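Visitor: Each residue of the sequence shown is one higher than the last, beginning at 1 in full-length UniProt numbering.
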Amino acid sequence: MNSYIITKSITPKIKNEDYIESFKNEKLGIKGFIVGDGIGSHFKPSEGSEFCVKTLKSYIENCSAIEELNLTHFYTKVYNDLKNEFTDNEKDNLEIDKTQSYGTTLICVIELEEKFIISYLGNGSIWHIRGNFYDFSPQRYLPWNAINVLNPHTVEENGKEALYKFIALECTENQLKPSILEISKDNELYGDIILASTDGLFSNDHNPIAKDREGNLWISGDKKIELLLSTLKKSLQDNSIEEVNINANIDEYLNQITENKLIDDDTSFGIIIPSKSTTITQE
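1) From Asn-151 to Glu-259, what distance separates their C-alpha atoms?
2) What runs of the alpha helix (DSSP H), each 4 residues or longer, lie entirely inside the stretch 28 to 92?
3) Could you check the C-alpha separation between Ile-118 and Val-35 for me, to the nearest Å?
4) Anyone know if the C-beta pair for Gly-200 and Asp-18 falls short of 9 Å?
5) Return helix, strand or coil for Val-244, following the three-state DSSP convention.
6) Is it buried or exposed for Arg-213, if we count other Cβ within 10 angstroms and need 16 for buried?
7) Suppose contacts are defined by Cβ-Cβ distances below 9 Å. Is Asp-37 in contact with Phe-116 by that definition?
8) How close, in whole Å, do the beta carbons of Lys-31 and Glu-111 come, if the pair is a contact with beta carbons under 8 Å?
9) Can you name, in chain order, every residue of its own chain whose Cβ lies under 7 Å from the Cβ of Phe-136, other than the five neighbours on each side?
10) Just to confirm before moving on: does the CB-CB distance between Phe-269 and Thr-7 stay below 9 Å?
11) I believe Gly-103 touches Ala-168 by the beta-carbon criterion, under 8 Å. Please report the beta-carbon distance rounded to the nearest angstrom.
12) Straight-line CA distance for Gln-100 to Ile-126?
13) For Asn-62, does the count of other Cβ atoms within 10 angstroms reach 16, so buried, or fall short, so exposed?
14) Is Ala-162 buried or exposed, if buried means 16 or more other CB atoms sit within 10 Å of its CB?
15) Go ahead and label Ile-129 buried or exposed: buried means 16 or more other beta carbons lie within 10 angstroms of its beta carbon, across all protein chains shown.
16) What beta strand (DSSP E) runs, 3 residues minimum, are completely inside the stretch 159 to 193?
17) Can you tell me the Cβ-Cβ gap for Thr-267 and Thr-198, rounded? I've got them flagged as a contact below 8 Å.
18) Please classify Asn-255 as buried or exposed, where buried requires at least 16 neighbouring CB atoms within 10 angstroms.
19) In angstroms, rounded to a whole number, what distance separates the CA positions of Asn-204 and Tyr-253?
20) Take Thr-11 and list the residues in its own chain whose beta-carbon comes closer than 6 Å to its own, dropping the five residues that flank it on each side.
21) Measure from the alpha carbon of Asn-25 to the alpha carbon of each residue in Ser-46, Leu-56 and Glu-182, then state which is nearest.
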């Protein structure tokens, strides 16, 4: 597979509680990325997100057969490892609520030859973008073939979203079971792009919905997503499409949303751009 994987993470805060890493398993011919969003109200959230991302990455990279690529099982193993690592380290007898300690969401995107396998706990976004998403009029600000497929594991509490699925130092079995998606790749026509993020970039449970005076519903389109799609469009339509150019364009995008104060939380995302999505722009 010839594809680009781009990962980025920024924060307007003193400490970034997100964590993201890419991975590759050459034996299985797979690659991808994992991103975790440490839950800010928890005890040591940044340690939790980093540990869980790195541990899941290790299980995937050391997997020796496709048949053993069981993400539900891996998430449980990550949880058990988190308990073993940090429960023993709390030797100063801190009185912590284990259900509210080291908590993190966790999204994993795996690219195979014919499909993507995606698992997630919590919220954030997972965008399935057709490789010809740029082929719209300028007035079509958000192309209809760029769709967020992450249905967040949140409920409404006191007017705000509250997670009911995430990894923490103490969890129930149901709380750990991820949602798993499989997306068949369009290797014949336009190709596919996968973008996954923490909720600092986008999440359905953060998206404003309002009614006008006539009672019509209006669902907000997010400015950060519009700008990111425009950046990807620019990257894919450059005469020389290289990973370094895409990286530079996305870094420029990050500077733009930071300067315009469009972010107020840790913001991390990964993008997989298979070669089909880049070659189609040159045909």
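Cβ coordinates follow ideal geometry from the N, Cα and C atoms, glycine included.
Predicted model, so just to flag it, every value in this text is computed and none were measured.
Guide: By the coordinates alone:
1) Near 30 Å, if we compare the C-alpha coordinates of Glu-259 and Asn-151.
2) Runs of the alpha helix (DSSP H) spanning 4 or more residues and lying entirely within the stretch 28 to 92 occur at 45 to 61 and 71 to 87, in chain order.
3) Going from the Cα of Ile-118 to the Cα of Val-35 covers about 12 Å.
4) Yes, these two residues count as a Cβ contact at 9 Å.
5) Per DSSP, reduced to three states, the secondary structure at Val-244 is helical.
6) The C-beta of Arg-213 has fewer than 16 other C-beta atoms within 10 Å across all chains shown, which makes the residue exposed.
7) The Cβ-Cβ distance between Asp-37 and Phe-116 does not fall below 9 Å.
8) About 6 Å; that satisfies the 8 Å criterion.
9) Pro-143, listed in sequence order.
10) Yes, Cβ-Cβ distance for Phe-269 and Thr-7 is below 9 Å.
11) Indeed they touch by this definition, with Cβ atoms about 4 Å apart.
12) C-alpha separation (whole angstroms): 25 Å.
13) So Asn-62 ends up on the exposed side.
14) Counting Cβ neighbours within 10 Å, Ala-162 comes out exposed, since fewer than 16 surround it.
15) So Ile-129 counts as buried.
16) Taken in chain order, the whole beta strand (DSSP E) runs of length 3 or more contained in the stretch 159 to 193 are 160 to 163 and 179 to 184.
17) The distance from the Cβ of Thr-267 to that of Thr-198 is about 7 Å, consistent with a contact at the 8 Å cut-off.
18) Exposed.
19) When rounded, the distance between both Cα atoms is 22 Å.
20) Answer for Thr-11: Asp-266, listed in chain order.
21) Comparing alpha carbon positions, the residue from Ser-46, Leu-56 and Glu-182 closest to Asn-25 is Leu-56.
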